[in-house]
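In my numbering, the protein residues as written are 215 to 668.
Idealized CB from N, CA, C, for every residue including glycine.
Since this is a predicted model, take the numbers as computed values, not measurements.
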Amino acid sequence: MFLSDAEKKNWAEALGQLERELTAVSFDLWVKSLTPLEKNGQLLYLVSPSDMAITQIASNHSAAINGAINQYLGCTSFKLLNEAQKDEYLKARKKAGEPASAIAKDNVLYSYEFNPKFTFENFVVGKSNQVVYAAAYSVANDLAKKFNPLFIYGGAGLGKTHILHAIGNYLREKNSQLKITYVTCERFTNDYIDAMRFGKDVTAFRDKYRNSDVLMVDDIQFISNKTGTQEEFFHTFNELHQAGRQIIITSDRPPKEIATLEERLRSRFASGLLQDIGSPDFETRVAILQKKALVEGWNADDAVYYFIAEKIESNIREMEGVLSKVCFYAGLSGKNKAGIEHAHEALKYEISNAKENITADKIIDVVCKYYNVNKSDLMGKKKNKEIVDPRMICMYLMTELLDIPLTSIGKIFARDHTTVIHARDKITDGIRKNNKLKTAINDIRNMLVSTPYS
Ligand code: ADP
Ligand code: MG
């Protein structure tokens with residue numbers, strides 16, 4: 215590998231964090247075996263010994279890995295290579311006498327590899343997502359004529375990224391010349407910061423984005439509080455829009471709930487189609503699991519799909535993670551078809567989603583216990599940090615774990631919903647930046663759901 219000693223050490227630290235963060239099964243099975251090959255700018259090349267691990271990591275653990283490598287190695291994204299791809303990489307590198315990645319650097323945006331499994335065909339359409347699906351499909355067939363921008367919002371793991379990749383895959387197949395730029399909001403931000411930091415003028419950065427035929431920005435909510443990036447994005451948006459290029463944006467919340475989003479951007483976002491993607495109903499969840507099994511080559515009794523679809527309601531990614539675990543357990547016991555007994559076995563250890571037992575009171579109790587503060591202080595008006603932090607954590611957890619509106623959460627604390635939004639954003643941001651907070655939240659979540667599945 216081509217990492218410096220310091221970088222190797224950083225990687226070991228990143229792995230340490232992942233081990234703490236992921237379940238033992240996920241870590242041991244998929245993540246532990248990764249070896250870093252080379253760091254190029256902010257992109258980290260990782261080699262994996264198994265294609266199964268690549269699939270698993272790509273669909274379930276990329277956020278965790280991005281967080282860890284960002285923190286310890288300053289990388290904003292990673293690319294997984296299997297052994298064959300690694301050999302190719304090494305060959306190209308040798309030939310060029312310099313890192314292969316450096317050669318491809320400026321193409322890296324337009325040649326973004328969409329996940330080949332995230333297609334329109336593999337997307338199960340139900341009541342909760344049919345409008346988004348139809349809008350995405352019609353945009354893909356009629357660029358910049360129908361809805362521009364198309365702004366899709368909805369909770370974690372409901373298929374937003376899948377839809378973007380589906381559009382990308384579809385367009386690539388129709389017209390390989392099209393310049394499709396897919397970025398996460400973080401990537402856009404970091405690119406912009408880099409362009410400025412290295413003292414280059416930002417022309418190269420601008421050209422890269424403003425020459426796109428299609429610009430997709432995933433998870434735009436991270437633009438909140440970043441005034442410089444908002445400004446830059448505003449101009450990128452206008453230029454593309456005026457030139458008749460298609461813009462597609464996703465977010466985990468509607469524009470009006472993105473804190474500190476400039477009014478002019480908010481109104482731009484709302485000028486096309488604003489469409490939410492909801493949680494799928496039971497039948498759709500079962501169909502999604504069956505589709506996933508088909509795509510991944512897994513095999514399970516119908517009872518398993520029903521069982522998982524019943525237990526997990528709101529997050530498809532989580533549902534799929536459980537299904538993969540169940541199939542893995544079946545494999546361990548030498549069966550090629552998973553049965554309900556494997557589901558029970560796998561879910562015995564699955565504690566992250568026993569949501570139905572969680573109430574506002576329980577959250578308050580557990581947080582008070584964890585931070586050793588009085589309930590009356592927590593619910594009261596005190597403004598010292600020792601109380602304010604746990605209070606915000608309560609609000610954050612309520613937005614995450616309870617299906618009740620922000621205003622109701624506000625009422626619990628005799629405050630209005632903007633306080634709740636502020637707390638949620640502050641903690642969300644804190645978790646990304648501060649390891650200790652992240653661990654604390656994980657501990658609290660675990661305390662909240664310590665009743666296992668039955
Ligand atoms: P988001 O970006 O909204 O957090 P993703 O697009 O990453 O969610 O989706 C999470 C997982 O759920 C992916 O593996 C995706 O393929 C799957 N998924 C979500 N919605 C559907 C659907 N309607 N049909 C099939 N798979 C889906
Ligand atoms: Mg996503």
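Exercise for the section: From the DSSP output, read off the bridge partner residues of Glu-252. Expected result: As a position in the sequence shown, residue 252 is number 38, starting the count at 1. Note: Glu-252 sits in a beta bridge opposite Tyr-259.
Problem - Any heavy atom of the ligand MG within less than 7 Å of residue CB: hits in chain order - result: Lys-374, Thr-375, Asp-432, Asp-433, Thr-464
Problem - Closer than 8 Å: Asn-669 CB and nearest the ligand ADP heavy atom - result: Any answer about residue 669 is impossible in this case: the structure gives the chain only from 215 up to 668.
Practice task
Could you tell me which of Ala-306, Leu-364, Lys-300, His-376 sits nearest to Phe-334, measuring between CA atoms?
Solution key: The residue you call residue 334 lines up with position 120 of the sequence shown. Closest option to Phe-334, Cα to Cα, is His-376.
Practice task
Quick one: using the 10 Å Cβ neighbour count with 16 as the cut-off for buried, is Pro-604 buried or exposed?
Solution key: Numbered from its first residue, the sequence shown carries residue 604 at position 390. That one is buried.
Exercise for the section: Indicate the three-state DSSP secondary structure (helix, strand or coil) for Lys-293 in the structure shown. Expected result: Locating residue 293 in the sequence shown gives position 79, counting from the first residue. Lys-293: strand per DSSP, three-state reduction.
Problem - alpha helix (DSSP H) segment containing Thr-403, residue limits - result: The count along the sequence shown starts at 1 and reaches residue 403 at position 189. Note, Thr-403: alpha helix (DSSP H), 399-411.
Practice task
Give the secondary structure of Ala-228 by DSSP, where H, G and I count as helix, E and B as strand, and everything else as coil.
Solution key: Position 14 of the sequence shown holds residue 228. Reduced to three states, the DSSP call for Ala-228 is helix.
Problem - Cβ pair count under 8 Å reaching 3, the segment 637-655 against the segment 599-619 - result: yes
Handout entry: Contact test: Asn-280 Cβ vs the ligand ADP heavy atom, cutoff 8 Å
Key = The residue labelled residue 280 in the question sits at position 66 within the sequence shown. No, the ligand ADP has no heavy atom inside 8 Å of this Cβ.
Problem - DSSP three-state assignment for Val-581, whether helix, strand or coil - result: By one-based count along the sequence shown, residue 581 stands at place 367. If DSSP states are grouped into helix, strand and coil, Val-581 belongs with the helices.
Practice task
Return helix, strand or coil for Met-593, following the three-state DSSP convention.
Solution key: On the sequence shown, position 379 is the one that residue 593 refers to. Note: Met-593 maps to helix in three-state DSSP.
Handout entry: Own chain residues within Cβ distance below 8 Å of Asp-515, not counting five before or after
Key = For the purposes of this step, residue 515 is taken as the residue at position 301 of the sequence shown. So the qualifying residues of the chain are Lys-551, Ala-552, Gly-553, Ile-554.
Exercise for the section: Please name the residue, chosen from Asn-588, Ile-522, Thr-573, that lies closest to Lys-562 on a Cα-to-Cα basis. Expected result: Numbered from 1 along the sequence shown, position 348 holds the residue referred to as residue 562. It is Ile-522.
Handout entry: Cβ pair count under 8 Å reaching 3, the segment 576-592 against the segment 536-548
Key = no
Handout entry: Whole-angstrom distance between Leu-295 and Asp-265, CA atom to CA atom
Key = Looking up residue 265 in the sequence shown gives position 51. Looking up residue 295 in the sequence shown gives position 81. Between Asp-265 and Leu-295, the C-alpha separation is close to 9 Å.
Exercise for the section: Report whether the distance from the Cβ of Ala-370 to the nearest heavy atom of the ligand ADP is below 8 Å. Expected result: To locate residue 370, count along the sequence shown from 1; it is residue 156. True, at least one ligand heavy atom lies under 8 Å from that Cβ.
Exercise for the section: Alpha carbon to alpha carbon, how far is Glu-302 from Lys-670? Give it in angstroms, no decimals. Expected result: The displayed coordinates of the chain run from 215 to 668. Any statement about residue 670 would go beyond what the structure contains.
Practice task
Can you have a look at Gly-373 and say buried or exposed, based on whether 16 or more other CB atoms are within 10 angstroms of its CB?
Solution key: Within the sequence shown, numbered from 1, the residue matching residue 373 stands at position 159. Result: buried.
Practice task
Please confirm if the segment 361-368 is in contact with the segment 482-492, defined as three or more CB-CB distances below 8 Å between the two stretches.
Solution key: yes
Handout entry: Cβ-heavy atom distance, Pro-468 to the ligand ADP, below 8 Å
Key = Taking the sequence shown and counting its residues from 1, the one referred to as residue 468 is at position 254. No, Cβ of Pro-468 sits at least 8 Å from all heavy atoms of the ligand ADP.
Handout entry: C-alpha gap between Ile-623 and His-636, whole angstroms
Key = Within the sequence shown, the letter at position 409 stands for residue 623. Within the sequence shown, the letter at position 422 stands for residue 636. Rounded to the nearest angstrom, the two C-alpha atoms are 12 Å apart.
Problem - Reference Asn-336, options Gln-504, Asn-355, Ala-409, closest by Cα - result: Counted from its first residue, the sequence shown places residue 336 at position 122. Taking only the C-alpha atoms, the option nearest Asn-336 is Gln-504.
Practice task
Buried or exposed for Leu-429, please, with buried defined as at least 16 other CB atoms from any protein chain shown within 10 angstroms of its CB.
Solution key: Position 215 of the sequence shown holds residue 429. So Leu-429 counts as buried.
Exercise for the section: Have a look at Lys-359 and Lys-253 and give me their C-alpha separation to the nearest angstrom. Expected result: One-based indexing of the sequence shown puts residue 359 at position 145. One-based indexing of the sequence shown puts residue 253 at position 39. Cα to Cα, the separation comes out at about 40 Å.
Problem - Reference Arg-424; option with closest CA among His-379, Asn-452, Ser-438, Ala-226 - result: Mapped onto the sequence shown, residue 424 falls at position 210. Out of His-379, Asn-452, Ser-438, Ala-226, Asn-452 has the C-alpha closest to the C-alpha of Arg-424.
Handout entry: Segment contact flag, the segment 220-235 with the segment 269-286, C-beta cutoff 8 Å, min 3 pairs
Key = yes
Handout entry: Residue of Ser-426, Lys-506, Asp-405, Lys-422 minimising C-alpha distance to Arg-531
Key = By 1-based counting over the sequence shown, the position of residue 531 is 317. Considering only alpha carbons, the answer is Lys-506.
Practice task
Could you tell me whether any non-hydrogen atom of the ligand ADP is closer than 8 Å to the CB of Ser-273?
Solution key: For this step, residue 273 is matched to residue 59 along the sequence shown. It does: the Cβ of Ser-273 is within 8 Å (strictly closer) of some heavy atom of the ligand ADP.
Handout entry: Near the ligand ADP: Pro-494 beta-carbon under 8 Å from a heavy atom
Key = Position 280 of the sequence shown, counted from the first residue, corresponds to residue 494. Yes, the ligand ADP has a heavy atom inside 8 Å of this Cβ.
Exercise for the section: Over the uninterrupted alpha helix (DSSP H) stretch that includes Ser-622, give me the two end residues. Expected result: Taking the first residue of the sequence shown as 1, we reach residue 622 at position 408. Where Ser-622 is concerned, the enclosing alpha helix (DSSP H) stretches over 620-626.
Exercise for the section: Taking all protein chains shown into account, decide if Asn-598 is buried (16 or more other Cβ within 10 angstroms of its Cβ) or exposed. Expected result: If you number the sequence shown from 1, residue 598 lands on position 384. Result: exposed.
Exercise for the section: Apply the 10 Å Cβ neighbour rule to Leu-251 and answer buried if 16 or more other Cβ atoms are within range, or exposed otherwise. Expected result: Here residue 251 corresponds to residue number 37 of the sequence shown, with the count starting at 1. Under this definition Leu-251 is a buried residue.
Practice task
May I ask you to report which of helix, strand or coil DSSP gives Asp-630?
Solution key: Here residue 630 refers to the residue found at position 416 of the sequence shown. Here Asp-630 sits in coil by DSSP.
Exercise for the section: State yes or no: is the C-beta of Ile-377 nearer than 8 Å to some heavy atom of the ligand ADP? Expected result: One-based indexing of the sequence shown puts residue 377 at position 163. Ile-377 Cβ: within cutoff of the ligand ADP.
Problem - Three-state secondary structure assigned by DSSP to Ile-317 - result: The count along the sequence shown starts at 1 and reaches residue 317 at position 103. Note that Ile-317 scores a pLDDT of 34, beneath 50, so its modelled location is shaky; the value from the coordinates is reported in the next line. The answer is helix: DSSP assigns Ile-317 an H, G or I state.
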